[in-house]
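Comments concern the structure below.
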Amino acid sequence: MPFTVYFDDSGSDPQQLVANATGLIIPAQRIIPMEREWESLKKKEGFSDFHTSEFVARNRDSEFATWDDKKHKRVFRRIRQITRKYGAQVFSFSVKKDDYDYCVPTELRKYMGEHHYSWAIRQASMFAQLWKRDKKVSEPYEWIFDWMEKHEPGRKEIERTFEQMEYLHHRLYGIKNEYAHADFRSGKTLAGLRCADLLAWTNFNFSLHQWNLLGRPLHPFAVKAWDDFESMPSSRSPSVARLFHSGNDPVEWNCAVVLTRNQLEGLVQSELQDGHRVSLIKEWEEHKKAGTSQGV
């Protein structure tokens with residue numbers, strides 16, 4: 003598989019007002035060098051794991067609690083550098099939960115996503131597929147999520163979403179296994195997941211800022227990360243660009259979509275009027291009940 007997509011979702015906590023899913027695409031040949039550089043950084047700076055929110059806050063129970071400002075900024079800069087150095091493309095979706103609850107009818111949620119975060123994952127993965135197709139890559143992605151136990155509802159929801167997307171992709175395009183290689187791994191051992199965490203944290207905070215939901219200025223680290231990622235070279239992906247009504251425009255490296263209520267209403271109406279995807283997912287459900295979930 004030439005590309006791996008490392009996913010992180012922010013806002014799955016019911017108390018959060020926004021749901022975000024961010025996918026970091028890394029070419030397979032870059033993964034081992036990335037892991038080596040990440041392990042070297044951890045050893046040099048003396049930390050065993052990294053979660054952006056904990057790191058930025060220097061939580062008193064964390065490894066970073068006693069770090070001075072100089073070290074704090076230095077390590078944050080290096081993690082941004084690693085993310086930019088090895089990542090080929092980023093797709094991120096943010097949606098206000100009350101917008102989703104208002105716009106998406108109950109009967110449609112089982113097809114668009116029972117939960118806000120699973121809908122965001124669905125959208126980001128669809129953009130990743132369009133980008134890969136434009137790059138003329140036929141091999142399927144490997145999709146990596148941070149570890150969840152098999153019984154956890156979040157994992158079950160993601161697995162259900164990917165089963166649906168696999169069925170849809172096959173029925174719509176005649177291609178199998180595009181969503182078949184999804185796994186849940188410990189982020190403590192995977193640099194890609196920790197860099198995806200940084201991207202998700204950055205995009206999540208900027209979506210809160212855009213919707214005036216932060217109640218305070220953006221953290222300077224969020225501003226610095228956003229500016230760093232925004233400075234990355236754009237790439238050509240006409241299939242993605244057409245979704246923004248500009249098929250010839252380049253796609254930003256950190257393609258972070260912050261969906262307005264009007265845009266979400268438009269997507270819902272499009273799904274309802276077309277009805278084809280909904281009918282295919284209903285078809286998938288019937289095969290699932292019959293014990294033949296592939297259905298083809």
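Using my numbering, read the sequence shown as starting at 3 and increasing by one per residue. Don't be surprised by glycine CBs; every beta carbon is placed ideally from N, CA and C.
Practice problem: Can you say whether I123 is buried or exposed, counting buried as having 16 or more other CB atoms within 10 angstroms of its CB? | Solution: Residue mapping note: residue 123 aligns to position 121 of the sequence shown, counting from 1. By the neighbour-count rule (16 or more Cβ atoms within 10 Å), I123 is buried.
Quiz item: Roughly how many angstroms separate the alpha carbons of V225 and L200, rounded to a whole number?
Solution: The count along the sequence shown starts at 1 and reaches residue 225 at position 223. The count along the sequence shown starts at 1 and reaches residue 200 at position 198. Rounded to the nearest angstrom, the two C-alpha atoms are 12 Å apart.
Practice problem: Consult DSSP for N2 and reduce its assignment to one of helix, strand or coil. | Solution: Absent from the model: residue 2. The displayed extent of the chain is 3 to 298, so no value can be given.
Exercise. Determine the DSSP secondary structure at I81, reduced to helix, strand or coil.
Key: The count along the sequence shown starts at 1 and reaches residue 81 at position 79. If DSSP states are grouped into helix, strand and coil, I81 belongs with the helices.
Exercise. Could you check the C-alpha separation between Y143 and E180 for me, to the nearest Å?
Key: Within the sequence shown, the letter at position 141 stands for residue 143. Within the sequence shown, the letter at position 178 stands for residue 180. The straight-line gap from Cα to Cα measures roughly 6 Å.
Self-check item: Nearest neighbour of W121, chosen from E161, R86 and R82 [CA to CA]
Solution: If you number the sequence shown from 1, residue 121 lands on position 119. That would be E161, whose Cα lies nearest to the Cα of W121.
Quiz item: In chain order, what residues of the same chain have a beta carbon less than 8 Å from the beta carbon of Y104, not counting five sequence neighbours either side?
Solution: By one-based count along the sequence shown, residue 104 stands at place 102. Counting only Cβ-Cβ distances below 8 Å, and skipping sequence neighbours, we find R263.
Quiz prompt | Rounded C-alpha distance that separates Y175 from I28 | solution = Position 173 of the sequence shown holds residue 175. Position 26 of the sequence shown holds residue 28. One C-alpha to the other measures close to 24 Å.
Exercise. Use the C-beta contact count for A23: other C-beta atoms within 10 angstroms, 16 or more gives buried, fewer gives exposed.
Key: Start at 1 with the first residue of the sequence shown, and residue 23 comes out as number 21. Per the 10 Å Cβ criterion, buried.
Quiz item: Would you report the Cα separation of N250 and S239, rounded to the nearest angstrom?
Solution: Within the sequence shown, the letter at position 248 stands for residue 250. Within the sequence shown, the letter at position 237 stands for residue 239. Each residue's Cα considered, the two are about 8 Å apart.
Quiz item: CA-CA distance, A202 and F49?
Solution: Locating residue 202 in the sequence shown gives position 200, counting from the first residue. Locating residue 49 in the sequence shown gives position 47, counting from the first residue. So the two alpha carbons sit approximately 21 Å from each other.
Quiz prompt | Three CB pairs or more closer than 8 Å across the region 68-79 and the region 104-117 | solution = no
Exercise. With distances taken Cα to Cα, identify the nearest neighbour of C257 among R279, R111 and M128.
Key: Walking along the sequence shown from the start, residue 257 turns up at place 255. Among R279, R111 and M128, the Cα nearest to that of C257 belongs to M128.
Exercise. Would you mind reading off the limits of the beta strand (DSSP E) that contains E144?
Key: Here residue 144 is taken as the residue at index 142 of the sequence shown, counted from 1. Where E144 is concerned, the enclosing beta strand (DSSP E) stretches over E144 to D148.
Quiz item: In angstroms, rounded to a whole number, what distance separates the CA positions of K178 and E168?
Solution: As a working note, residue 178 is residue 176 in the sequence shown. As a working note, residue 168 is residue 166 in the sequence shown. Taking the straight line joining both Cα atoms gives about 7 Å.
Quiz item: In angstroms, rounded to a whole number, what distance separates the CA positions of G297 and G268?
Solution: Here the question's residue 297 lines up with position 295 in the sequence shown. Here the question's residue 268 lines up with position 266 in the sequence shown. Because the pLDDT of G297 is 48, which lies under 50, any placement of that residue in the model is unreliable, and the number read from its coordinates should be weighed accordingly. When rounded, the distance between both Cα atoms is 30 Å.
Quiz item: From K284 to D11, what distance separates their C-alpha atoms?
Solution: What you label residue 284 is simply residue 282 of the sequence shown in a count that begins at 1. What you label residue 11 is simply residue 9 of the sequence shown in a count that begins at 1. Roughly 26 Å between the two C-alpha positions.
Self-check item: From V280, A193, P4 and L19, residue whose alpha carbon lies closest to that of V97
Solution: Position 95 of the sequence shown holds residue 97. Considering only alpha carbons, the answer is L19.
Quiz item: If we ignore side chains and look at the alpha-carbon of each, how far apart do G89 and R62 end up?
Solution: Along the sequence shown, one-based indexing puts residue 89 at 87. Along the sequence shown, one-based indexing puts residue 62 at 60. So the alpha carbons of these two residues sit roughly 31 Å apart.
Practice problem: Could you check the C-alpha separation between P235 and K158 for me, to the nearest Å? | Solution: By 1-based counting over the sequence shown, the position of residue 235 is 233. By 1-based counting over the sequence shown, the position of residue 158 is 156. Rounded to whole angstroms, P235 to K158 spans 36 Å at the Cα level.
Quiz item: Given G25, which residues of its chain have a CB within under 6 Å of its CB, disregarding the five upstream and five downstream residues?
Solution: As a working mapping, residue 25 is identified with position 23 in the sequence shown. Same-chain partners within the cutoff: V7, F9, F93, A126 and A130.
Practice problem: For I84, I'd like the list of residues in its chain whose CB is within less than 8 Å of its CB, leaving aside the five on either flank, ordered along the chain. | Solution: For the purposes of this step, residue 84 is taken as the residue at position 82 of the sequence shown. Excluding residues within five positions, the ones whose Cβ falls inside 8 Å are M36, E39, W40, L43, A193 and C197.
Exercise. Could you tell me the distance, in whole angstroms, from the CA atom of I146 to the CA atom of S233?
Key: Locating residue 146 in the sequence shown gives position 144, counting from the first residue. Locating residue 233 in the sequence shown gives position 231, counting from the first residue. The straight-line gap from Cα to Cα measures roughly 26 Å.
Practice problem: Between the Cα of E141 and those of P4, N214 and A184, spot the shortest distance and give me the residue it belongs to. | Solution: Numbered from 1 along the sequence shown, position 139 holds the residue referred to as residue 141. Residue P4 is the option with its Cα nearest to E141.
Exercise. Return helix, strand or coil for Y113, following the three-state DSSP convention.
Key: As a first step, residue 113 must be located in the sequence shown, where it is residue number 111. If DSSP states are grouped into helix, strand and coil, Y113 belongs with the helices.
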